[in-house]
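A.B. asks: Handing you a structure now.
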Amino acid sequence: MRAGDRYELVWINRDGREHELIIADEAGEDLVETREAERTGAAVRTTFRATNG
Numbered sequence: 082m083r084a085g086d087r088y089e090l091v092w093i094n095r096d097g098r099e100h101e102l103i104i105a106d107e108a109g110e111d112l113v114e115t116r117e118a119e120r121t122g123a124a125v126r127t128t129f130r131a132t133n134g
């Protein structure tokens, strides 16, 4: 990833269990968090801009 570039992640719940995606930094701080998806086939999309460090 390059700092300043915008990215989009899409994931699909394949098993019908509750999931969410969290991207954290090295210190464990959440940088990006998606909504939860519980339904089989539910698509979750998030966009974010990469930063330095």
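Residue numbers (our numbering): 82 to 134. All C-beta atoms in this analysis are idealised placements derived from N, C-alpha and C, irrespective of residue type, glycine included.
Relative to the alpha-carbon of residue 129, which residue among 118, 109, 104 and 95 has its alpha-carbon at the smallest distance?
C.D. replies: On the sequence shown, position 48 is the one that residue 129 refers to. Cα-wise, what sits closest to residue 129 is 104.
A.B. asks: Alpha carbon to alpha carbon, how far is residue 126 from residue 115? Give it in angstroms, no decimals.
C.D. replies: As a working note, residue 115 is residue 34 in the sequence shown. As a working note, residue 126 is residue 45 in the sequence shown. For residue 115 and residue 126, the distance between alpha carbons rounds to 7 Å.
A.B. asks: Which same chain residues, not among the five before or five after residue 121, have their C-beta less than 8 Å away from its C-beta?
C.D. replies: By 1-based counting over the sequence shown, the position of residue 121 is 40. If we look at residue 121 and ignore the five residues flanking it on each side, its Cβ neighbours are 94, 95, 96 and 97.
A.B. asks: Following the continuous beta strand (DSSP E) through residue 127, name the residue where it begins and the one where it ends.
C.D. replies: Looking up residue 127 in the sequence shown gives position 46. Note, residue 127: beta strand (DSSP E), 124 to 130.
A.B. asks: Rounded to whole angstroms, what is the Cα-Cα separation between residue 113 and residue 91?
C.D. replies: For the purposes of this step, residue 113 is identified with residue 32 of the sequence shown, where counting begins at 1. For the purposes of this step, residue 91 is identified with residue 10 of the sequence shown, where counting begins at 1. Their backbone Cα atoms lie some 13 Å apart in a straight line.
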